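In full-length UniProt numbering, the protein residues as written are 1 to 247.
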């Protein structure tokens, strides 16, 4: 499995080959052995196979082609709805309509998501993680009929790979590991840690195509602009309020 993880890559093109429901259910069930906060398992997953439903989900994901092209789309959700109903039916008073509970459920959901992805790739399937689900949560909530205290956290496209793309670059291990305490980065360290990323021909092309001076400017001025982040943050908190996690 270590070699599988070392060689993993995001897959955006899939063979038109169905995934055996028994295999998918086994992967989803096995993934639930992952750690969970307080053994509450405050997460759920919506499995989308129907082409019409995938078409309805696509706009929330900026119409990325793999949403319609993948045999299966999985939406992993923070879910305190089920646990709350269990508490109420057992004469217990739940107190989970708050931001901390959302964070707990979101953590559970992401742990489950990653465990599923690792298992799916080990089984020969390809996945692509779509962060767009938290950019447009209202559309996903409406399309999937998510009730109060349920919030979409991650979307995964799933299928048998029909491509073998190059692996994207990663920062060296010394960029992310701190021994005993956090050691803040000096300018010299930043230069060293980002040197390889900045040297790649595809990233230099990225800079040129966007008419920028540095790769960092592509991120701050084009890909993840402050104005976009603020707009989507506001939208995110509106959706949290709509779903009952904050007042």
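Glycine is no exception: its CB is placed at the ideal position from the N, C-alpha and C atoms. As the structure is a prediction and not an experimental result, all values here were calculated from the model.
Residues that residue i bridges to, as DSSP identifies them
i           : result
residue 100 : Note: residue 100 sits in no beta bridge, so no partner.
residue 161 : 14
residue 34  : BP columns for residue 34 are empty, so no partner.
residue 156 : 74 and 129
residue 150 : 79
Counted within 10 angstroms of its Cβ, other Cβ atoms place residue i as buried (16 or more) or exposed
i           : result
residue 159 : buried
residue 214 : exposed
residue 6   : exposed
residue 155 : buried
residue 48  : buried
residue 106 : buried
residue 224 : exposed
residue 101 : buried
residue 182 : exposed
residue 54  : buried
Span of the alpha helix (DSSP H), counted from its first residue to its last, around residue i
i           : result
residue 124 : That residue, residue 124, is in no alpha helix (DSSP H); it is neither H nor E in DSSP.
residue 143 : 137–144
residue 196 : 195–199
residue 218 : 215–218
residue 5   : 2–6
residue 47  : Segment 43–48 is the beta strand (DSSP E) holding residue 47; no alpha helix (DSSP H) there.
residue 240 : 226–242
residue 166 : Where residue 166 is concerned, there is no enclosing alpha helix (DSSP H), given that its DSSP letter is neither H nor E.
residue 54  : 51–57
residue 172 : Run containing residue 172: none; DSSP gives neither H nor E here.
residue 69  : 65–69
The beta strand (DSSP E) enclosing residue i, as first and last residue numbers
i          : result
residue 78 : 72–79
Inter-residue spacing [alpha-carbon to alpha-carbon] between residue i and residue j
i           : j           : result
residue 79  : residue 103 : 11 Å
residue 13  : residue 74  : 16 Å
residue 95  : residue 137 : 23 Å
residue 123 : residue 76  : 20 Å
residue 221 : residue 113 : 30 Å
residue 197 : residue 176 : 15 Å
residue 184 : residue 194 : 15 Å
residue 3   : residue 146 : 37 Å
residue 151 : residue 91  : 25 Å
residue 229 : residue 173 : 28 Å
residue 34  : residue 117 : 12 Å
residue 233 : residue 99  : 14 Å
residue 27  : residue 36  : 17 Å
residue 38  : residue 207 : 46 Å
Any non-hydrogen atom of the ligand SAM within 7 Å of residue i CB
i           : result
residue 173 : Absence of the ligand SAM from the depicted structure is noted, as is the absence of any ligand whatsoever, leaving it without description.
Is there contact between the region 187–195 and the region 151–168, where contact requires at least three CB pairs shorter than 8 Å?
no
Quick test of the definition: if touching needs 3 or more C-beta pairs under 8 Å, does the region 59–67 touch the region 18–27?
no
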